[in-house]
Amino acid sequence: MYAVFAGVFIAIARAEGAQGCARKGAAAFAIAVLAIILDTQRTLFPSWFFALAVPLHWLVLIFTADAFLARHGERIPRKPAALLFAVGLVINFWATFIVDRVDIRVPNASTICILLLTLALPKFYHPKMRMLEKLTATAITATWLSYIVRFAIYFIWGQSHEYAVGSLWSQYMMMFYFTSAIITLTLAILLILTITADIVDRHHMATTVDALTGISNRRGYDLMVERQGTEMPPIGAVMMVDLDRFKNINDDHGHAIGDAVLVATALALEKGCSGFAQVARLGGEEFAILVHRTHRDAAGHLAQLLKSAIAAMRLDAPLDHIGFTASIGVARLAKGESVGDAMRRADMALYKAKNEGRNRVELSPDAPDEDAVRAAA
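Position 8, counted from 1, in the sequence shown is what the numbering used here calls 866; the numbers after and before it change by one each time, with no gaps.
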């Protein structure tokens, strides 16, 4: 089973390239295979080789935890983990080659496992955990608890003598291998699900996120409109934002500076709209903003703040400091009006802002709501 999962993670790592989770998962299960061989096939190796099985088991825990944490750029704290590993290794070798005390080796092995998982556990709990992350945190916590329970059972059952006489088939080791198999199967499945979810998210982002600015692209904008009221807040107003004389910036300073202007604008819009609206780049120098319904009446004021923030920015260029401005058209949704219709009104307001001097905000007259239209009819 361990070899199969090692092969699965190696295949995923080769296929996906930069999948740190898969690489660490492959390392964990490959080391686990080696540890099991050393521990169960002792007649095939020199007698002292079995002493390596325990530190290899510790490495399995470290790499397994790191495989899950890698998706968030985290890992087990290295210095404390290295210290625990070194102390445990010294005790393990001393109790194997100097005094030959199984009643020291087994508690030492379990203690290091428990402490390594104790280091890792806080990294698995963070705000806004998704379902898969909650399941993973629960599984790691259950693994930690299983080591504590097995550690207690070893002393309650008085297993030190039985383990010393026939370690492989003692009650303790039979329980150890059985529970380890369940834990391994659970963690392997969760890791595969985690890697799969990350791959899906990455490919989804590639189709919905603008590669240059990092905000939503046109497809992402369409999805936000489609999901309003369910996965996204209901939309109360829309804005069309267009950089003024952007072609001149590209012509005078080059496309690299033009790209920097687009990135700076996207950052300013994202920062200014945080908690109030979603931002998307529709293409070229044109951006769309979807204002939450709860902030509908403040849309005009928000647009003025965004215009001022953009006008205040300066970018360094060779021999120059570049300033730039934007024009914004705003339309508040009437009752029963579609986002598409409101966007058309915002676009007309933007056109007016451009014609009347640029670096302006124009608010489209509110459309009659469906109740007023019905009453007039």
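All C-beta atoms in this analysis are idealised placements derived from N, C-alpha and C, irrespective of residue type, glycine included.
Through-space distance from residue j to residue i, alpha-carbon basis
i: G1133; j: V1099; result: 18 Å
i: I1115; j: L914; result: 53 Å
i: F867; j: R881; result: 7 Å
i: F1009; j: Y860; result: 23 Å
i: R917; j: A944; result: In the sequence as displayed, the identity of residue 917 is Leu instead of Arg. Roughly 12 Å between the two C-alpha positions.
i: M1033; j: P965; result: 15 Å
i: A1175; j: D1110; result: 11 Å
i: G1198; j: E1143; result: 20 Å
i: A1230; j: A1200; result: Bear in mind that the predicted position of A1230 carries a pLDDT of just 49, short of 50, making it too unreliable to give a figure here.
i: T922; j: A1124; result: 38 Å
i: L1048; j: A995; result: 10 Å
i: E1084; j: R1203; result: 19 Å
i: E991; j: T1001; result: 15 Å
i: L993; j: L1164; result: 41 Å
i: G1181; j: I1041; result: 59 Å
i: P904; j: A953; result: 17 Å
i: I1011; j: A909; result: 22 Å
i: R1154; j: M1063; result: 28 Å
i: V1058; j: H930; result: 16 Å
i: V912; j: A967; result: 6 Å
Own chain residues within Cβ distance below 7 Å of residue i, not counting five before or after
i: N1075; result: T1066, V1067, D1068, A1138, R1139
i: L919; result: C971, L974, L975
i: G865; result: none
i: A1167; result: A1126, G1130
i: R872; result: none
i: A1022; result: Only weak support is given to the placement of A1022: the predicted model assigns it a pLDDT of 49, under 50, and the value that follows is read from those uncertain coordinates. Only V960 meet the Cβ criterion.
i: A1207; result: G1187, V1188, A1189, E1220, L1221, S1222
i: L1051; result: L990
i: D1117; result: L1070
i: L1081; result: T1066
Assigned exposure category for residue i - 16 Cβ within 10 Å defines buried
i: A1235; result: Confidence at A1235 is low in this model, with a pLDDT of 46, below 50, so its placement is unreliable and no value can be given for it.
i: R1218; result: buried
i: D1102; result: buried
i: R963; result: buried
i: V862; result: exposed
i: S1004; result: buried
i: A1146; result: buried
i: W906; result: exposed
i: A925; result: buried
i: P1091; result: buried
i: H1150; result: buried
i: K1193; result: exposed
i: I1014; result: exposed
i: L1070; result: exposed
i: A1157; result: buried
i: Q1136; result: buried
i: L927; result: buried
i: M1097; result: buried
i: L1191; result: buried
i: V1078; result: Residue identity check: residue 1078 is Gly in the sequence provided, not Val. Buried.
i: A1039; result: exposed
Continuous alpha helix (DSSP H) stretch holding residue i: start and end
i: F1104; result: 1104-1111
i: V1197; result: 1197-1213
i: D897; result: 878-898
i: F1182; result: Where F1182 is concerned, there is no enclosing alpha helix (DSSP H), given that its DSSP letter is neither H nor E.
i: R1087; result: Note that residue 1087 is Gly in the sequence shown, not Arg. No alpha helix (DSSP H) holds G1087; DSSP gives it neither H nor E.
Cutoff 8 Å; reference residue i; Cβ partners in own chain excluding five residues on either side
i: R1216; result: D1102, R1103, T1183, S1185
i: T843; result: In the structure displayed, the chain extends from 859 to 1235; residue 843 sits before or after that span and is not available.
i: H1179; result: R1172, L1173
i: A1211; result: S1185, I1186, G1187, R1218, V1219, E1220
i: A939; result: I920, L974, L977
i: Q1162; result: V1219
i: Y1209; result: G1187
Enclosing beta strand (DSSP E) for residue i [first to last residue]
i: Q1136; result: 1135-1141
i: M987; result: Run containing M987: none; DSSP gives neither H nor E here.
i: H1150; result: 1144-1150
i: G1094; result: 1093-1101
i: A1175; result: 1172-1175
Neighbourhood of residue i by C-beta distance below 6 Å, restricted to the same chain and skipping five residues each side
i: A1046; result: F863
i: A1233; result: With a pLDDT of 45 at A1233, under the threshold of 50, the modelled position of that residue is not reliable, and the figure given next carries that caveat. So no residue of the chain qualifies.
At a cut of 8 Å, does the segment 879-899 reach the segment 935-942 through at least three beta carbon pairs?
Three or more Cβ pairs closer than 8 Å define a contact, and the segment 879-899 falls short of that threshold against the segment 935-942.
Touch test, the segment 947-954 against the segment 975-984, Cβ-Cβ under 8 Å, three pairs minimum:
The segment 947-954, when compared against the segment 975-984, does not touch it at the 8 Å Cβ threshold.
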